[in-house]
Amino acid sequence: MAEWSARARREGRSVGFVPTMGALHEGHLDLIARARKDHAKVVCSIFVNPLQFNNLEDLERYPRQLEQDSKLLDEAGCDALFAPQVETLFADLQPHTYDLGRLDGHWEGPSRPGHFQGVVNVVERLFHFVRPDEAFFGEKDRQQLTLLRHIARQEHWPERIVGCPTVRAVDGLALSSRNARLSPAERQKATVLFKALTVAGAMAFRHTVQEVEEAVRETVANEPGVQLDYFGIADHDTLEPLMDWGDRDLTVALIAAQVGPVRLIDNLTLWR
Ligand code: PAF
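Residue numbers (the working numbering): 4 to 275.
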């Protein structure tokens with residue numbers, strides 16, 4: 004794969020990269036389209052990374068559909084698919100413990116110990132094999148994106164990390180491979196995450212952070228069968244939880260909730 008990228012670059016073609024765990028949906032295809040806009044060559048990887056799952060059942064049940072994904076990538080104009088075996092990608096891997104600063108001390112961090120170390124380790128491995136110029140990540144996984152930008156800067160990775168807006172279904176639900184595990188009734192209930200974020204968006208900067216949190220808790224509580232894990236307002240760049248708006252013009256609202264068998268996350272940028 005590295006040789007393929009090197010040849011593309013020798014021919015004056017830059018390489019855009021979309022790392023995924025497969026079960027591709029419109030969100031992934033949007034990342035491919037964005038990569039295609041900026042790069043002559045686009046690579047997508049499909050690898051269900053065991054290092055980032057702290058729940059064995061979640062890992063085992065993660066949807067896998069390589070043949071269908073491969074067809075979707077062809078149709079989307081992706082030039083190469085990198086779908087390595089664990090033994091290839093992790094050959095000689097000594098998992099590295101990265102300094103994540105305070106970035107995994109809140110939101111997903113406490114609920115998923117080791118998750119972000121697993122993400123950073125696999126992204127480093129994927130970059131090592133693919134050698135892209137830029138890599139494209141969805142803003143739906145906002146903390147992952149913030150963390151990868153931080154590590155790329157800290158470790159002097161040559162690859163540029165590009166964040167892309169969340170793609171949503173018409174009812175607002177953020178697209179995610181995990182949505183496939185929701186029953187039709189659960190799928191309907193899951194829209195409460197975006198509803199709650201919309202409530203936060205409407206109240207932001209005009210009410211206190213505590214009032215926004217209260218309104219969001221009430222919105223989610225009104226949807227039986229959905230358990231709120233967290234909701235909060237964070238600094239746009241560091242994702243540090245905020246108790247008040249301060250003089251910021253930009254913040255982020257983050258939410259996670261359990262809907263049936265699936266834990267869903269979402270977030271929304273809030274503007275003053
Ligand atoms: O966002 C994802 O799908 C995964 O966390 C990633 C970046 C492909 C690493 O396994």
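We treat Cβ as the ideally placed atom computed from N, Cα and C, and that holds for glycine.
Strand pairing of residue i, partner residues [DSSP]
i: L34; result: None, per the DSSP bridge assignment.
i: R171; result: A177
i: T241; result: According to DSSP, which records beta bridges pairwise, T241 is partnered with nothing at all.
i: I258; result: F234, D269
i: W7; result: W7 pairs with nothing; no bridge assigned.
i: L253; result: W274
i: V229; result: V262
Span of the alpha helix (DSSP H), counted from its first residue to its last, around residue i
i: R105; result: Careful: R105 lies outside any alpha helix (DSSP H) and carries neither H nor E.
i: P161; result: First-last for P161: undefined, no H or E at that position.
i: T222; result: 212-224
i: G80; result: No alpha helix (DSSP H) contains G80, which DSSP labels as neither H nor E.
C-beta atoms of residue i and residue j nearer than 7 Å
i: D247; j: V195; result: no
i: L75; j: L27; result: yes
i: G80; j: V170; result: no
i: V125; j: L54; result: yes
i: P135; j: E111; result: no
i: I49; j: T91; result: no
i: K192; j: V223; result: no
i: L148; j: F139; result: no
i: Y233; j: A259; result: yes
N-terminal and C-terminal residue of the beta strand (DSSP E) that residue i is part of
i: L84; result: 83-85
Min CB distance residue i to chain D below 7 Å
i: V173; result: The chain inventory of the structure shown lacks chain D, comprising one protein chain alone.
Option nearest residue i by Cα separation, candidates the options
i: L84; options: G30, G19, P53, K143; result: G19
i: R16; options: G25, V46, R152, H153; result: V46
i: V219; options: K44, P227, T201, F208; result: T201
i: L59; options: H42, A199, A259, H118; result: H118
i: G108; options: H239, D250, Q68, L150; result: L150
i: L96; options: D82, R128, V122, L103; result: R128
i: R10; options: C167, V21, D77, A43; result: A43
i: R37; options: I164, V255, R115, P116; result: I164
i: E137; options: L103, K40, V89, D72; result: K40
i: E231; options: G249, D269, H239; result: Per the sequence shown, the amino acid found at residue 231 is Leu instead of Glu. Cα-wise, what sits closest to L231 is D269.
i: L273; options: P264, A237, T241; result: A237
i: L242; options: D77, E70, E142, S180; result: E142
What are the start and end residues of each continuous alpha helix (DSSP H) run of 4 or more residues lying completely inside the segment 10-74, in chain order?
29-41, 59-64
Continuous beta strand (DSSP E) assignments of at least 3 residues falling wholly in the segment 90-145: 137-141
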